[in-house]
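Residue numbers (my numbering), protein chains in the order written: chain R, 79 to 220; chain X, 79 to 220.
Note that CB positions come from ideal geometry on N, CA and C, so glycine has one too.
Just so you know, these numbers come straight off a predicted model, no measurement behind them.
Number of protein chains: 2
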Amino acid sequence: MTEELPITTSEWEVMRIIWTLGEATSNDVIQLLVKKRQWKASTVKTLIGRLMQKNMLTAQKNGHTNLYQCTVSEKHAMEKEATRLFKNMCAMKNGQVLVQLINELQLSQTDIQNLQSVLVEKQKTAPEMVACNCIPKEEVEQ
Amino acid sequence: MTEELPITTSEWEVMRIIWTLGEATSNDVIQLLVKKRQWKASTVKTLIGRLMQKNMLTAQKNGHTNLYQCTVSEKHAMEKEATRLFKNMCAMKNGQVLVQLINELQLSQTDIQNLQSVLVEKQKTAPEMVACNCIPKEEVEQ
DNA sequence: AATTAAAGATTACATTTGTAAACTAAAATT
DNA sequence: AATTTTAGTTTACAAATGTAATCTTTAATT
Numbered sequence: 079m080t081e082e083l084p085i086t087t088s089e090w091e092v093m094r095i096i097w098t099l100g101e102a103t104s105n106d107v108i109q110l111l112v113k114k115r116q117w118k119a120s121t122v123k124t125l126i127g128r129l130m131q132k133n134m135l136t137a138q139k140n141g142h143t144n145l146y147q148c149t150v151s152e153k154h155a156m157e158k159e160a161t162r163l164f165k166n167m168c169a170m171k172n173g174q175v176l177v178q179l180i181n182e183l184q185l186s187q188t189d190i191q192n193l194q195s196v197l198v199e200k201q202k203t204a205p206e207m208v209a210c211n212c213i214p215k216e217e218v219e220q
Numbered sequence: 079m080t081e082e083l084p085i086t087t088s089e090w091e092v093m094r095i096i097w098t099l100g101e102a103t104s105n106d107v108i109q110l111l112v113k114k115r116q117w118k119a120s121t122v123k124t125l126i127g128r129l130m131q132k133n134m135l136t137a138q139k140n141g142h143t144n145l146y147q148c149t150v151s152e153k154h155a156m157e158k159e160a161t162r163l164f165k166n167m168c169a170m171k172n173g174q175v176l177v178q179l180i181n182e183l184q185l186s187q188t189d190i191q192n193l194q195s196v197l198v199e200k201q202k203t204a205p206e207m208v209a210c211n212c213i214p215k216e217e218v219e220q
């Protein structure tokens with residue numbers, strides 16, 4: 079039951095590279111992040127170490143160099159983060175936030191079609207209103 | 079130019095209450111969070127203090143008691159958080175994450191209609207593909 | 001073989017965050 | 001007026017995070 083701790087913003091940078099490369103050496107990651115974020119090599123090494131402890135990365139030895147791989151998919155990790163965020167915010171306003179996100183994010187034709195399908199389904203059973211859940215029940219004055 | 083620092087998860091709990099009540103005394107917030115999160119009164123006081131420093135709350139004295147108000151709207155803060163999150167994740171997969179969010183979140187009929195409108199607009203100019211932006215340009219192998 | 005370079009491991013250290021106790025001043029009660 | 005309660009302020013302290021230097025071991029070069 080290897081628990082997944084939350085990963086921090088800096089750690090995300092490392093994960094994104096390894097997700098995209100499929101697998102990578104510390105040096106691969108260092109090269110890219112030195113360029114992208116101006117981090118020192120040892121900063122990147124620290125982050126890789128922490129991700130290993132958090133079981134987000136596994137390593138396989140190749141000579142005295144490690145080849146790192148991610149233990150969860152990028153999509154899964156992204157969904158988990160997004161879900162965590164929305165669950166911590168006002169349920170009543172989630173819809174409006176999604177509208178704004180869709181407005182400002184780049185989406186492909188396929189993405190849009192998928193979103194439309196889900197919405198059509200969702201529509202069949204959607205309620206008229208979603209209640210605010212910012213305050214524990216019987217405390218909402220009204 | 080009062081800069082808005084990011085607000086933490088614990089601080090969000092406080093903000094949500096004041097957003098919902100419109101304005102509140104520390105005692106209002108304490109009552110609710112002692113119940114909801116089992117925090118001690120002084121924990122809540124600390125959080126209110128930090129939110130004041132971050133200019134997320136203002137207070138107006140009423141006797142020796144403060145009435146706290148939020149300096150930004152809940153919707154604005156939510157949008158900012160959501161945007162920050164998505165900007166830090168793979169652009170290519172954002173669409174899929176939105177699909178999953180829409181699937182699992184509660185949305186009202188109105189929300190759904192608004193989402194549908196935005197999508198129809200978006201569709202007119204959407205590209206076939208959105209490129210992965212996890213790795214700085216010319217480094218993407220392929 | 002001796003020297004240098006590279007990869008990983010260990011240690012460092014300031015800031016932020018979660019969580020709270022202690023202190024102080026004003027207000028309410030006795 | 002004296003005492004108790006309350007609201008706000010200050011201090012506390014461990015864990016997490018951002019950022020890195022140093023040390024150690026192994027591999028590559030001279």
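Just to check my reading of the structure: residue i and residue j have Cβ atoms closer than 8 Å, yes? What is that Cβ distance to the nearest angstrom?
i, j, result
"V150 of chain R", "I126 of chain R", "Rounded, the Cβ-Cβ distance is 16 Å, inconsistent with contact."
"I96 of chain X", "C168 of chain X", "That belief does not hold up - the Cβ atoms of I96 of chain X and C168 of chain X are roughly 35 Å apart, past 8 Å."
"T87 of chain R", "N166 of chain X", "6 Å"
"M134 of chain R", "I85 of chain R", "6 Å"
Does the beta-carbon distance from residue i to residue j come in below 9 Å?
i, j, result
"M156 of chain R", "N172 of chain X", "yes"
"L179 of chain X", "A160 of chain R", "yes"
"Q187 of chain X", "Q201 of chain R", "yes"
"I213 of chain R", "L83 of chain X", "no"
"V208 of chain X", "M170 of chain X", "yes"
"M93 of chain R", "E152 of chain R", "yes"
"L163 of chain X", "L176 of chain R", "no"
Residue i versus chain X: which residues are under 8 Å apart at the beta carbon?
i, result
"L197 of chain R", "I180, I190, L193, Q194 and L197"
"P214 of chain R", "L110, K113 and K114"
"L163 of chain R", "E159, A160 and L163"
"P205 of chain R", "Q184, S186 and Q187"
Return the bridge partner residues of residue i from the DSSP annotation.
i, result
"Q147 of chain X", "X:T136"
"A102 of chain X", "X:Y146"
Relative to the alpha-carbon of residue i, which residue among the options has its alpha-carbon at the smallest distance?
i, options, result
"S195 of chain X", "R:Q174, R:T203 and R:L99", "R:Q174"
"V122 of chain R", "R:W90, R:N181 and R:N140", "R:W90"
"S120 of chain X", "X:L135, X:Q131, X:S104 and X:K114", "X:S104"
"E101 of chain R", "R:K118, R:Q184, R:N140 and R:P205", "R:N140"
"A204 of chain X", "R:T203, R:A204, R:D189 and R:P205", "R:D189"
"L99 of chain X", "X:K132, X:T124 and X:Y146", "X:Y146"
For residue i, return the contacting residues in chain X, with the cut-off set at a CB-CB distance below 9 Å.
i, result
"V208 of chain R", "L183, Q184, L185, S186 and D189"
"L174 of chain R", "Leu is not the amino acid found at residue 174 of chain R; the sequence shown has Gln there. Correct list: K153, M156, E157, D189 and N192."
For residue i, is the beta carbon positioned less than 8 Å from some heavy atom of the ligand NAP?
i, result
"T87 of chain X", "Absence of the ligand NAP is noted for the structure shown, with no ligands found whatsoever."
Given that residue i touches chain R, what residues does it touch there, using C-beta distances under 7 Å?
i, result
"N105 of chain X", "Here the premise fails: no neighbours, minimum Cβ distance about 13 Å."
"V177 of chain X", "N192, L193 and V196"
"W117 of chain X", "Within 7 Å Cβ-Cβ: nothing; W117 of chain X doesn't reach chain R, min ~13 Å."
"K171 of chain X", "E152, K153 and M156"
"T121 of chain X", "Under the 7 Å cutoff, chain R gives no residues; its nearest Cβ is about 17 Å from T121 of chain X."
What residues of chain X sit near residue i, judged by a beta carbon separation below 7 Å?
i, result
"W97 of chain R", "C212"
"G127 of chain R", "Near G127 of chain R there are no residues of chain X at all, since even the closest Cβ is about 21 Å away, more than 7 Å."
"T124 of chain R", "What T124 of chain R touches in chain X: nothing, since even the nearest Cβ is about 19 Å away."
"T87 of chain R", "N166"
Taking C-beta pairs closer than 9 Å, name the residues in chain R that residue i reaches, listed in chain order.
i, result
"C168 of chain X", "R94, W97, T98, E152, K153 and M156"
Given that residue i touches chain R, what residues does it touch there, using C-beta distances under 8 Å?
i, result
"K202 of chain X", "The premise fails here: K202 of chain X is roughly 10 Å from chain R at the closest Cβ pair, so nothing lies under 8 Å."
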